[in-house]
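A quick write-up on the structure given underneath.
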Ligand code: HSE
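In the UniProt record's numbering, the protein residues as written are 1 to 285.
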């Protein structure tokens, strides 16, 4: 029997759609695997009732198949599904690590990124790796084709999770097919600033680089209260606020002394919009 833990993640960070991701210190999924003739899955924990236990419909079933590693797989969910915090990626990453060890497949953590990304395809229709990469490797990650670059960063974050669900498939449908040259130039500048900010662990530069004129505005309408929560988080001291992954969670960057105020202000602003929410004060993990 092997057990592995893989953390929640936040993808995109505004300007890095399908490219940037960060591991969060918490929450996390824990996956335990035992050899079996056929794969079977049981799920407990946050939002377990919404997760299929059929291996064909579950992210970890695809991982077991990709590693030719049939097992009984127990998933203890710490990361609520459809939250924008990389829930399916956490399960896929933890399963990939545990099954790789159980069957002594010999993959490195980097080598497990495309394996775990196969699990993402089951959930969202696309094998994008921007959540599984930081969940497996930690830190801030940049996915470029098959290549992943990892940067150690120490940046305080607030992840605010409202009690509404947004499906990744729906959130991907509203992404525009093309962008203007002006938006392209702005996005490249922001993404470059954000990467430099991560290298320097500079919350001001990271926050400024999270601005995104393309994908985030297209998704804002899917999240009740988005505009007011964002505005109030800035007033409380956030240096940047954006949709976390496909939403509905929002991710704020702040200087350490402001995190508590930002977290409280975001929860209160969601409440004013009629939506219950909880906030995690965390860091790039
Ligand atoms: N990059 C993905 C998206 C993350 O924004 O759709 C969600 O899984």
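A virtual CB, placed ideally from N, CA and C, is assigned to each residue, including glycine.
Handout entry: alpha helix (DSSP H) runs contained entirely in the region 163-207, provided each spans 4 or more residues
Key = Under the rule that a run must span 4 or more residues, the alpha helix (DSSP H) segments found entirely inside the region 163-207 read 168-173, 181-200.
Exercise for the section: Give me the Cα-Cα distance between residue 228 and residue 176, rounded to the nearest whole angstrom. Expected result: Between residue 228 and residue 176, the C-alpha separation is close to 24 Å.
Practice task
Answer with buried or exposed for residue 184, where buried requires no fewer than 16 other C-beta atoms within 10 angstroms of its C-beta.
Solution key: Residue 184 should be labelled exposed.
Exercise for the section: Return yes when at least one heavy atom of the ligand HSE lies under 6 Å from the C-beta of residue 190, else no. Expected result: No - the ligand HSE has no heavy atom lying nearer than 6 Å to the Cβ of residue 190.
Exercise for the section: Verify the contact flag: residue 172, CB atom, against every heavy atom of the ligand HSE, threshold strictly below 6 Å. Expected result: With a cut-off of 6 Å, the C-beta of residue 172 is classified as near the ligand HSE, since at least one heavy atom of the ligand falls inside that distance.
Handout entry: Heavy atom of the ligand HSE within 6 Å of residue 18 beta-carbon
Key = Within the cutoff, so yes.
Practice task
Kindly examine the ligand HSE and report whether one of its heavy atoms sits closer than 6 Å to the Cβ of residue 246.
Solution key: Result yes, Cβ under 6 Å from the ligand HSE.
Practice task
Compute the beta-carbon to beta-carbon distance between residue 67 and residue 99, rounded to the nearest angstrom, for a pair I have assumed lies under 8 Å.
Solution key: Correct: roughly 5 Å between the Cβ atoms.
Exercise for the section: Determine, using beta carbons only, whether residue 254 and residue 162 come nearer to each other than 7 Å. Expected result: Result no, Cβ atoms of residue 254 and residue 162 do not sit closer than 7 Å.
Handout entry: Inter-residue Cα distance where the pair is residue 28 and residue 178
Key = One C-alpha to the other measures close to 35 Å.
Handout entry: Start-end ranges of the alpha helix (DSSP H) lying completely within the region 92-153, minimum 4 residues
Key = Fully enclosed alpha helix (DSSP H) runs of 4 or longer: 112-124, 132-137.
Practice task
Please report how far the alpha carbon of residue 288 lies from the alpha carbon of residue 38, in whole angstroms.
Solution key: Since the first and last residues shown for the chain are 1 and 285, residue 288 lies out of range.
Handout entry: Proximity test, residue 130 beta-carbon vs the ligand ADP heavy atom, cut-off 6 Å
Key = Summarising the ligand content, the structure contains the ligand HSE and does not contain the ligand ADP.
Problem - Per DSSP, the bridge partner or partners of residue 156 - result: Paired residues: 283.
Exercise for the section: Identify which residue in 153, 50, 217, 116 has its Cα closest to the Cα of residue 60. Expected result: Per the Cα distances, 116.
Exercise for the section: Please look up how many angstroms separate the CB atoms of residue 203 and residue 186, rounded, as I've assumed it's under 8 Å. Expected result: At roughly 21 Å, the Cβ-Cβ gap does not stay under 8 Å, so residue 203 and residue 186 are not in contact.
Handout entry: Run of the beta strand (DSSP E) containing residue 211, from where it starts to where it stops
Key = DSSP places residue 211 outside any beta strand (DSSP E), giving it a letter other than H or E.
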